[in-house]
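Here this note's numbering is used: the first residue of the sequence shown is 112, the next is one more, and so on.
For each residue, glycine too, the CB sits at the ideal point set by N, CA and C.
The next block holds one structure in the form of C-alpha cells; read it before the comments.
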Amino acid sequence: AVVLALPLQPVCRADCPGLCPDCGTRLVDDPHHRHESVDPRWAALRTLTGSALTSTETKES
Numbered sequence: 112a113v114v115l116a117l118p119l120q121p122v123c124r125a126d127c128p129g130l131c132p133d134c135g136t137r138l139v140d141d142p143h144h145r146h147e148s149v150d151p152r153w154a155a156l157r158t159l160t161g162s163a164l165t166s167t168e169t170k171e172s
C-alpha cells in the first residue's frame, strides 16, 4: 500500500514540471524541451521517406 501512495513522478514542488524522462533536463529551465521519439517499428520507414523525397526532387529538377 505504501507504493500506491507515492507519486508517479516525484517533483520538488506541486508546480514543478519535473525532469525529462529521456535525458534528465530540468523542464522548468527549458519548458519547450522535447525529443523526437519514433516508434522503433516504424523507424525503417523514415529512411524510405527520405530517399523517396530526394528521388522525387531530382526528377522534378
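Identify, in the order they occur along the chain, each residue of the same chain with its Cβ nearer than 7 Å to the Cβ of residue 177, setting aside the five sequence neighbours on each side. In the structure displayed, the chain extends from 112 to 172; residue 177 sits before or after that span and is not available.
Whole angstroms is fine: what's the gap from residue 131's alpha carbon to residue 120's? 11 Å
In this structure, how does DSSP classify residue 157 when only helix, strand and coil are distinguished? helix
Measure the C-alpha to C-alpha separation of residue 116 and residue 127 and round it to an integer number of angstroms. 19 Å
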